[in-house]
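> Here it is, the structure, as structure tokens.
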Amino acid sequence: MSTATADLHEAPAESGVNYLNASYGIRSWLLTFDHKRIGLLYLASITVMFLVGGVAAVLMRIHLIEPQGALFEPETYNKLFSTHGIIMVFFFLVPSIPATLGNFLIPLMIGARDVAFPKLNLMSWYIFITGAALALYATISGGVDTGWTFYPPYSSHYSATNVTIVALGVFVAGFSSILTGLNFIVTIHKMRAPGMTWFRLPLFIWAMYATSLIFVLGTPVIAITLFLLGLERILHVGIFDPAVGGDPLLFQHLFWFYSHPAVYIMILPGMGVVSELVTAFSRKKIFGYSFVAFSSLSIAVISFIVWGHHMFVTGQSIYAGLVFSVLSFLVAIPSAVKVFNWTATLYRGSISYEAPMLYALGFIGLFTIGGLTGLFLASLATDVHLNGTYFIVAHFHYVMVGGAVMAYLGGIHFWWPKISGRMYPDLWARIAAAIIFLGFNLTFFPQFMLGYLGMPRRYAVYPAEFQVLNVLSSAGASILGIGYVIPLVYLIWSMRYGPVAGPNPWKAKGLEWTIPSPPPTENFEEIPIVTEDAYNYPVADAHSYPDAPEVARV
Amino acid sequence: MSEHSEQSGHVGHVVPIGVYVTVFLLLMFGTALTTWVAYIDLGRWNTVAALTIAVCKMLLVVLFFMHVKYATGLTRIVILAGFFWLGIMITLSCSDELTRHWEIVPQGWQMILPFVSRVF
Amino acid sequence: MAAHGAHPPGFAHQFETVEQQREAGTLGMWTFLVTEILFFGGMFTSYIIYRSLHLHSFIQGSHELIVRYGATNTAVLIFSSLTMALAIRTAQTGKSKGQIIFWLLLTMILGATFIAIKLRFEWYRDYVEGLIPGVSWLDGGTHTPGVKMFMCFYFFMTGLHALHMVVGLGILTVLVIMTARNRFSAEYYAPLEISGLYWHFVDIVWIFLFPLLYLIGGRYPGS
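Residue numbers (our numbering), protein chains in the order written: chain F, 103 to 656; chain G, -4 to 115; chain S, 4 to 226.
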């Protein structure tokens, strides 16, 4: 067969012991050192956080149907957008692919039995849960209204909300991601199977490695920044306090030193997933493997030198603004390199449109739009007009939701048979993907227009002439919400009632597809010896070279 | 199996006690020196002297006590990366904080503007 | 395929060889120390910026600190790094656990001495003199807002450092117990080595804190 349809007709191997049934009981899950189980623990936790953040979003969009606000007082609205941002950024997007798919897949893809430090891995989940609990407690007991960016002096002196508790929750969750990143770096360096050289690694691993670099280098800085903010709030004096000569902009520098690379933490793993999906569903090896690999590293490095573009209009010196603007244009280049290479991979591939591929294609289009709109924001002159408006909101939702979340869903669907041993119903999956795509665009495209027309972000009210676009956006949000609920339903349903999937229902390349679904606890009976490159699909599979079976290597 | 380091790695290397003691004495000397120099008026070179001595002390600790002298290239890259990234944070933050009050003075190409407006 | 002969104590089964485990542990600790460089680095960055902008206040504030305590503490920590290195060497060369514990305990005593000097002679004195912002600050005289900013840095940075020292003492306690239980030998002493890296890092932070906080702008007459 040349297409990657799910293979449901093979009789499953005798259902032996796998990581899911190797031991039973809640203790065996809460005290597990198995990276696969830890990945699922994270999956459950971040799904809960996604729902919490999603509820905040739904409430905001309903409120914004009316120009004078339909539901809330401005103070409450401020708490809603802050909660939405904090939960979604720190407790959903940052851990999403790394902690779930990364934890599950990295040892499988490199041919290892587990990550380098399994106990640290479990500890990082507990740390995450602690941080999430603190954040949820702060939300329930009054909320936070500073925005997810916590700018002083409002957050340090004037806000009467639970800033310290939320900051503590984010601080704690930061250590969870540091440990995850550390684990991944050591695992990828030291635990690859014999023959798995760097340039035979799946591109998902390159992307996760680059992401881990950012985890390790950036997260400590937000940790110290929130620590300092908390101290200032408690002591009523600190280093951001103008009364003692402090500069609130220093907070912004330290905050964005992490938070800008953080957005690449959110997108790089998604790009890694897309590389896997595009190759599997066009049955073709990636075009320009080393370009894609190095572009992941480049993005990780350049992401650290552009943060000032968040501060163009907050009082930063114009000279620094010039420097950061130029550097911000640079970071678009490696991202574009990836989009070009995915497109070239698709070209003359044998493409099939299962749900994971729909998500991947959606990613490529929506990420491109989101990324291009970033250039308007990197340019100083246009940023003056667009900063603080819905243009920015639309920009980052295009890349983070249209990009990262779609890649996350695509990855969950692609590897679901490996994780659960079951197939989900593909028709429903495609319907959900289409609903999500349509709902997403209806929600966020009007926001580009709103921003351009001047509607400010983080405002509970708006001028009446913007109502039509806001209503369209809210309508889109309701469709998007339905789209997200559908996979939740059928994925859970499939765990019990879905058809049993064999080891490789997609007939994809990669070490993870050579072991049973679900995998045994120790992953591999014998550590494999790798002799071929990644994505070594038979040339005859793709439509690319019908008359020339021998292909020159790229 | 993952690639082996070319040497057995710094962990296997036993450093002679004499080296440790010498490094210790050098570190103590450096501490005394930096304290002593602080009491001498060198103007702004006091800071340079203090930091230079501190960097030398750090290098002694890193190379000998932390065995980096006998370590693999990967270890060294990791350490350098840490300091490099710290350097990025300091440099680019200073590029804003220390240039806030620079005057924007018309100079260079902007001098031609009056002539341009006359031509057009 | 890894040999399945007797594995040494402490061998973790996600690894194929002891060497792989050792390399992974070392790389892991160095990666963690890089995160610590960036963690402290946020405060060093802030310090550099404010010192450039408010040099006079920082010098004034620095003169509130007593050099001999800082210098003594620097010597104490350097000595503790020596004893830590010797503890590891003792394990490497297969000496008795009693000897290893001796050096570890000596390191702990020196670390505790550092904290004791800080608490008793420096912070307690600062508390009494009204130099702790947000806790016991007294305005007036040399206690200007700029000096208050400096003292914020002093307490935040040395406080965070002291916290790391306390964690280090906890780690050393665990190491002493492990050594007493015969967990280490000339073949397996990785936890000692890795903890040593952490301890030396904490020493290095202080090596920079001492001149930056105590000796800024010099201590000569007229500075």
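Yeah, the Cβ is synthetic: ideal placement off N, Cα and C, and Gly gets one too.
#1: Give the C-beta separation of F/G276 and F/A325 to the nearest angstrom, bearing in mind that I take them to be a contact with Cβ-Cβ under 8 Å.
#2: Comparing the CB of F/L145 with every heavy atom of the ligand ATP, is any distance shorter than 6 Å?
#3: Of the residues that make up the region 202 to 216 of chain F, which ones have a beta carbon closer than 9 Å to any beta carbon in chain S?
#4: Of all the options S/S83, S/L30, S/L166, S/P11, which has the alpha carbon lying nearest to the alpha carbon of F/T289?
#5: Just to confirm my understanding: we take S/T96, look at its own chain, exclude 5 residues before and 5 after, and list those with CB closer than 8 Å. What are they?
#6: So, using beta-carbon positions, are S/G220 and S/I62 closer together than 7 Å?
#7: Taking the alpha helix (DSSP H) that S/H203 falls in, what are its first and last residues?
#8: Please name the residue or residues paired with S/G143 in a DSSP beta bridge.
#9: Measuring only between beta-carbons, confirm whether G/W80 sits less than 7 Å from chain F.
#10: Which parts of the region 383 to 471 of chain F are runs of the beta strand (DSSP E), unbroken and 3 residues or longer, counting only runs that do not cross its ends?
#11: In whole angstroms, what separates the C-alpha of F/H93 from that of F/Y526?
#12: Any C-beta of chain B within less than 8 Å: which residues of the region 47 to 73 of chain S qualify?
#13: When the cut-off is 7 Å and only beta carbons count, does F/T282 lie next to chain S?
#14: When we look at the beta-carbon of F/K181 and count the other beta-carbons within 10 Å, is it buried (16 or more) or exposed?
#15: If the criterion is Cβ atoms closer than 7 Å, does the pair F/I369 and F/G505 meet it?
#16: Spell out whether any CB of chain S is found under 7 Å from the CB atom of F/K292.
#17: At the level of alpha carbons, what is the spacing between F/A159 and F/Y554?
#18: In chain S, which residues lie with their C-beta within 9 Å of the C-beta of G/F19?
#19: Taking the alpha-carbon positions, what's the F/V495 to F/I581 distance?
#20: For the region 210 to 218 of chain F against the region 121 to 134 of chain F, do three or more pairs of beta-carbon atoms, one drawn from each stretch, fall closer than 8 Å, so that the two count as touching?
#21: Within 10 Å of its beta-carbon, does F/F301 have 16 or more other beta-carbons around it, so buried, or fewer, so exposed?
#22: Taking the beta carbon of F/A240 as the centre, do at least 16 other beta carbons fall within 10 Å, making it buried, or is it exposed?
#23: Closest Cβ-Cβ distance between F/H355 and chain G: below 7 Å?
#24: Do S/Y127 and S/S139 have their CB atoms nearer than 7 Å?
#25: Does any residue of chain G bring its CB to less than 7 Å from the CB of S/T1?
#26: Run the CB neighbour count on S/W106, radius 10 Å, all protein chains shown included, and call it buried at 16 or more, exposed below.
#27: So if DSSP puts F/V602 in a beta bridge, which residue, or which two residues, is it bridged to?
#28: With a threshold of 16 other CB atoms inside 10 Å of the CB of F/V375, please say whether the residue is buried or exposed.
#29: Smallest Cα separation from G/F19: which of S/I81, S/G114, S/T147?
#30: If we cut at 7 Å on Cβ distances, does F/A422 have a partner in chain G?
#31: Between F/M225 and F/S278, what straight-line distance do the alpha-carbon atoms span, to the nearest angstrom?
#32: Just to check my reading of the structure: S/M152 and F/G372 have Cβ atoms closer than 8 Å, yes? What is that Cβ distance to the nearest angstrom?
#33: Identify whether F/T263 lies in helix, strand or coil by the three-state DSSP scheme.
#34: Check whether the region 239 to 256 of chain F and the region 337 to 353 of chain F are in contact - that is, three or more C-beta pairs closer than 8 Å.
#35: Interface residues of chain G around F/I407 at Cβ under 7 Å?
#36: Where does the unbroken alpha helix (DSSP H) through F/S619 begin, and where does it stop?
Once the coordinates are examined:
#1: The sequence position of residue 276 of chain F within the first sequence is 174, counting from 1. The sequence position of residue 325 of chain F within the first sequence is 223, counting from 1. The pair is a contact, with the Cβ atoms about 5 Å apart (cut-off 8 Å).
#2: For the structure depicted, the ligand ATP is absent and the ligand set is empty, with no information on it obtainable.
#3: So the list reads P209, A214, R215, D216, given in the order they occur along the chain.
#4: Residue numbering aside, residue 289 of chain F sits at position 187 when the first sequence is read from its first letter. Of the candidates S/S83, S/L30, S/L166, S/P11, the one whose C-alpha sits nearest the C-alpha of F/T289 is S/L30.
#5: As a working note, residue 96 of chain S is residue 93 in the third sequence. Closer than 8 Å at Cβ, skipping near neighbours: A189.
#6: Within the third sequence, numbered from 1, the residue matching residue 220 of chain S stands at position 217. Within the third sequence, numbered from 1, the residue matching residue 62 of chain S stands at position 59. It is a contact, given that the beta carbons lie within the stated cut-off.
#7: Locating residue 203 of chain S in the third sequence gives position 200, where the first residue counts as 1. Run containing S/H203: 193 to 212, per the alpha helix (DSSP H) assignment.
#8: For this step, residue 143 of chain S is matched to residue 140 along the third sequence. Answer is S/H146, bridged to S/G143.
#9: The count along the second sequence starts at 1 and reaches residue 80 of chain G at position 85. Taking Cβ atoms only, chain F reaches closer than 7 Å to G/W80, which makes this a yes.
#10: Whole beta strand (DSSP E) segments, 3+ residues: zero.
#11: Nothing about residue 93 of chain F can be read from this structure; chain F reaches only from 103 to 656.
#12: Given the protein chain composition of this structure (F, G and S), no chain B is represented.
#13: For the purposes of this step, residue 282 of chain F is identified with residue 180 of the first sequence, where counting begins at 1. Look at F/T282: its C-beta is not under 7 Å from any C-beta on chain S.
#14: By one-based count along the first sequence, residue 181 of chain F stands at place 79. F/K181 is classed as buried because its beta carbon has at least 16 other beta carbons within 10 Å across all chains shown.
#15: Stepping through the first sequence from its first residue, residue 369 of chain F is reached at position 267. Stepping through the first sequence from its first residue, residue 505 of chain F is reached at position 403. When the beta-carbon positions are compared, F/I369 and F/G505 come within less than 7 Å of each other.
#16: Locating residue 292 of chain F in the first sequence gives position 190, where the first residue counts as 1. Contacts with chain S at 7 Å (Cβ-Cβ) include F/K292.
#17: Taking the first residue of the first sequence as 1, we reach residue 159 of chain F at position 57. Taking the first residue of the first sequence as 1, we reach residue 554 of chain F at position 452. Looking at the two C-alpha atoms, the distance is approximately 22 Å.
#18: Residue numbering aside, residue 19 of chain G sits at position 24 when the second sequence is read from its first letter. Proximity of chain S to G/F19 at the Cβ level (cut-off 9 Å) is accounted for by I81, F82, S84, L85, A88, in chain order.
#19: Numbered from its first residue, the first sequence carries residue 495 of chain F at position 393. Numbered from its first residue, the first sequence carries residue 581 of chain F at position 479. Straight across, the Cα-Cα distance linking F/V495 with F/I581 is about 19 Å.
#20: Flag = no, the region 210 to 218 of chain F and the region 121 to 134 of chain F do not touch.
#21: Within the first sequence, numbered from 1, the residue matching residue 301 of chain F stands at position 199. The residue is exposed, with fewer than 16 neighbouring Cβ atoms inside 10 Å.
#22: On the first sequence, residue 240 of chain F is found 138 positions in, with the first residue counted as 1. Flag for F/A240 reads buried.
#23: Taking the first residue of the first sequence as 1, we reach residue 355 of chain F at position 253. Cβ-Cβ to chain G under 7 Å: yes for F/H355.
#24: Here residue 127 of chain S refers to the residue found at position 124 of the third sequence. Here residue 139 of chain S refers to the residue found at position 136 of the third sequence. In terms of Cβ geometry, S/Y127 and S/S139 do not form a close pair [threshold 7 Å].
#25: No answer is possible for residue 1 of chain S: the residues shown for chain S start at 4 and end at 226.
#26: Position 103 of the third sequence, counted from the first residue, corresponds to residue 106 of chain S. Buried is the call here.
#27: Locating residue 602 of chain F in the first sequence gives position 500, where the first residue counts as 1. DSSP lists F/R524 as partners of F/V602.
#28: As a position in the first sequence, residue 375 of chain F is number 273, starting the count at 1. Under a 10 Å Cβ-count criterion, F/V375 is classified as buried, with 16 or more other Cβ atoms of the shown protein chains found around its own Cβ.
#29: Your numbering for residue 19 of chain G matches position 24 in the second sequence. G/F19 has its Cα closest to that of S/I81, out of S/I81, S/G114, S/T147.
#30: Here residue 422 of chain F refers to the residue found at position 320 when the first sequence is read from its first residue. Closer than 7 Å to some Cβ of chain G, the Cβ of F/A422 qualifies, so yes.
#31: To locate residue 225 of chain F, count along the first sequence from 1; it is residue 123. To locate residue 278 of chain F, count along the first sequence from 1; it is residue 176. So the alpha carbons of these two residues sit roughly 8 Å apart.
#32: As a first step, residue 152 of chain S is located in the third sequence; it is residue number 149 there, counting from the start. As a first step, residue 372 of chain F is located in the first sequence; it is residue number 270 there, counting from the start. Between F/G372 and S/M152 the Cβ distance is about 42 Å, and since that is not below 8 Å, they are no contact.
#33: Translated into the one-based positions of the first sequence, residue 263 of chain F becomes position 161. DSSP places F/T263 in coil when its eight states are reduced to three.
#34: In short, these stretches touch, since the Cβ pair count reaches three.
#35: Against the first sequence, residue 407 of chain F aligns to sequence position 305. Per Cβ cutoff of 7 Å: I83, L87.
#36: Numbered from its first residue, the first sequence carries residue 619 of chain F at position 517. In this chain, F/S619 is not harboured by any alpha helix (DSSP H), its DSSP state being neither H nor E.
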